[in-house]
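If you're matching positions, the sequence shown starts at 27 in this note's numbering and goes up one per residue.
Since the structure comes first, as structure tokens, the remarks are kept for the end.
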Amino acid sequence: MSRLPPPSADALAQSERLLGLLHSEIAASGGWIPFSRYMELALYAPGLGYYSGGARKFGPGGDFITAPELTPLFGQALASQVEQIMRASAMQVIEVGAGTGLLAADLLLELAHRDALPEQYGILELSAELRERQFDTLSGRVPQLAGRVHWLDTLPDACSGAVIANEVLDVMPVHLVVVRQHGLFERGVALGEDGRLCWADVPAAGAVRTAAEQLTLPVPQTGEYVTEVNLAGQAWVASWADRLQKGAMLLIDYGYPQAEYYLPSRSSGTLMCYYRHHAHADPFLWPGLNDITEFVDFTAVAEAAHEAGLDVLGYTSQAQFLFNCGVLDCLARRGPEGSADYVRAARAVQRLTTPQEMGELFKVLALGRGVDITLQGFARGDRLHTL
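Next comes the structure, spelled out in structure tokens:
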């Protein structure tokens, strides 16, 4: 880890406070907590977790860059699909986990250009620090439209229209499952003799065991096979099914269908941490200062939605989705092809759509109710058959 830039003294102090909370939690739980609980605290503990603390997370000065930070063309293309959903349901938008607010600003500007502004744009955001950044972004970039935006503390009791969740499922706490020749285990967190956080396995039980057994995971001849089960993500999708009256959700994230997710060759799982644009695999390093993510099992998400009564409306790669939604037409609006602005925008589109970058790694899943049209983003290249 010597290649990682050292945290500031204030950041280290925050991490130490979170570490103290984790020690207390582990002790109160009999010496062991599931990794899902560790991940929940590391990311969301009030005032101390990665997403609830004050550290900069997005953009060049943060830990990672999301599609809206790359180019407004992402939001402009997405607006085409959002408009179609709203016109088939209700002129309302809810964005879950809006990051810096750039996507909201880009969507509102493009929807205004299309004469398709939502009556209200709701942002479901749990982080007070990110709410402030979103407010500042919207006030600065779209002051004439910022009045349409309101913030939500919890899922609404009922809603219609378009729901957007860009890179939300990948930061939901997951259970870690370990398969060995002699049994199925859940990997959690304990304290070693030196007082440091360490891995500890217990026999898998309850909902975790049931979910893992349904996956028919590979059983290695030697060693172990480690993977993730995202029960929180499945429950989250089901909770939207209780609330979405008419409209569609667009879930954009990196992941695989189940047949690809649990390949024997992926024996270490997909868990990854990000710190100052460096990827590493140690979730115990500086708790609260690292993003902790996992790839999304889109088959499990789609099945949970279907079982809860939602329709699975489409599934495809981010590249195909953006092309279907006219991202190249949006690019053409940037001006002469040889201009510096056009070249920068074209490079960003390339990063969003090429298979070697985000185009194939990221997928888009649409779930809905009462929307009886073919969604534009899935008109060509739909991969529902792979789920």
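Even glycine gets a Cβ: it sits at the ideal position worked out from N, Cα and C.
Using 10 angstroms around the beta-carbon of residue i, count the other beta-carbons present and answer buried if the total reaches 16, otherwise exposed.
i, result
"Glu14", "With the chain represented from 27 up to 413, any question about residue 14 goes unanswered, as that position is not in the structure."
"Ser62", "buried"
"Asp132", "buried"
"Ile399", "exposed"
"Gly249", "exposed"
"Val228", "exposed"
"Thr163", "buried"
"Cys224", "exposed"
"His303", "exposed"
"Asp408", "buried"
"Asp89", "Caution applies to Asp89, whose pLDDT of 49 falls short of 50 and renders its modelled position unreliable; the value that the coordinates give is listed next. With 16 or more other Cβ atoms within 10 Å, it is buried."
"His411", "exposed"
"Leu401", "buried"
"Gln40", "buried"
"Glu145", "exposed"
"Ala261", "exposed"
"Ala54", "exposed"
Are residue i and residue j closer than 8 Å when you measure CB to CB?
i, j, result
"Thr321", "Gly385", "The amino acid at residue 321 is misidentified as Thr; the sequence shows Phe. In this structure, Gly385 does not lie closer than 8 Å to Phe321 by Cβ."
"Gly140", "Glu109", "The sequence shown places Arg at residue 140, rather than the Gly named in the question. Closer than 8 Å, so yes."
"Thr97", "Ala358", "no"
"Gly148", "Leu195", "no"
"Cys185", "Gln271", "yes"
"Asp337", "Gln284", "no"
"Arg288", "Leu241", "The sequence as given places Tyr at residue 288; Arg does not occur at that position. In this structure, Leu241 lies closer than 8 Å to Tyr288 by Cβ."
"Gly295", "Val263", "no"
"Thr92", "Asn192", "yes"
"Val390", "Ala114", "no"
"Ala230", "Glu212", "yes"
"Gly75", "Ala68", "yes"
"Ala216", "Ile111", "no"
"Gln207", "Val245", "yes"
"Leu417", "His201", "The displayed coordinates of the chain run from 27 to 413. Any statement about residue 417 would go beyond what the structure contains."
"Asp279", "Phe347", "no"
"Leu339", "Gly394", "yes"
"Gly125", "Leu156", "yes"
"Tyr368", "Arg360", "yes"
"Cys356", "Leu137", "no"
Give the straight-line distance between the Cα atoms of residue i and residue j, rounded to the nearest whole angstrom.
i, j, result
"Ala392", "Gly273", "10 Å"
"Ala130", "Ile59", "37 Å"
"Ala366", "Ala374", "13 Å"
"Ala478", "Ala267", "With the chain represented from 27 up to 413, any question about residue 478 goes unanswered, as that position is not in the structure."
"Phe349", "Gly403", "8 Å"
"Val203", "Val234", "8 Å"
"Pro381", "Trp177", "35 Å"
"Leu143", "Ala37", "40 Å"
"Gly166", "Gly214", "44 Å"
"Gly209", "Leu354", "51 Å"
"Glu158", "Arg269", "27 Å"
"Gly85", "Leu152", "Interpretation of Gly85 is limited by its pLDDT of 49, a score under 50 that renders its predicted location unreliable; the figure taken from the coordinates is listed afterwards. Taking the straight line from one Cα to the other gives about 20 Å."
"Leu48", "Thr342", "39 Å"
"Asp308", "Gln170", "44 Å"
"Ala172", "Gly232", "46 Å"
"Pro31", "Val327", "36 Å"
"Ala154", "Val175", "16 Å"
"Val189", "Gln247", "44 Å"
Of the residues the options, which one's Cα is nearest the Cα of residue i?
i, options, result
"Gln160", "Asp183, Glu145, Leu128 and Arg370", "Leu128"
"Glu254", "Ile278, Gly218 and Val197", "Val197"
"Gly352", "Thr379, Ala54 and Pro362", "Thr379"
"Glu219", "Leu410, Ala71, Leu44 and Gly57", "Gly57"
"Ser34", "Gly364, Thr325 and Trp312", "Trp312"
"Leu276", "Leu104, Gln40 and Leu45", "Leu104"
"Gln118", "Arg406, Gly187 and Leu387", "Gly187"
"Pro290", "Val205, Asp279 and Cys356", "Val205"
"Arg43", "Gly340, Met65, Pro72 and Asp279", "Pro72"
"Leu134", "Gly123, Gly125, Asp183 and Gly101", "Gly101"
"Met65", "Gly361, Met298 and Glu145", "Met298"
"Thr180", "Ala345, Leu137 and Gly123", "Gly123"
"Ala331", "Ala138, Leu413, Glu383 and Leu30", "Leu413"
"Val325", "Leu99, Glu286, Arg360 and Gln344", "This sequence places Thr at residue 325; Val is not what is there. With distances taken between Cα atoms, Thr325 lies closest to Glu286."
"Arg29", "Ala305, Gln344, Glu363 and Arg406", "Ala305"
"Gly46", "Ser265, Gly221, Asp317 and Tyr77", "Gly221"
Kindly indicate the opening and closing residues of the alpha helix (DSSP H) around residue i.
i, result
"Gly259", "Leu257 to Ala267"
"Glu66", "Phe61 to Tyr70"
"Gly46", "Ala35 to Ala54"
"Cys351", "Element bounds for Cys351: n/a, residue is neither H nor E."
"Tyr147", "It is not in any alpha helix (DSSP H) - Tyr147 instead sits in the beta strand (DSSP E) that spans Gln146 to Leu150."
"Val234", "Gly232 to Gln240"
"Phe310", "No alpha helix (DSSP H) holds Phe310; DSSP gives it neither H nor E."
Span of the beta strand (DSSP E) holding residue i?
i, result
"Ser165", "Element bounds for Ser165: not the beta strand (DSSP E) but the alpha helix (DSSP H), Ala154 to Arg167."
"Tyr368", "Element bounds for Tyr368: not the beta strand (DSSP E) but the alpha helix (DSSP H), Ala366 to Thr379."
"Arg213", "Gly209 to Leu217"
Hey, is residue i close to the ligand MG, as in C-beta under 7 Å from one of its heavy atoms?
i, result
"Tyr147", "With respect to the ligand MG, the structure offers nothing, as it holds no ligand at all."
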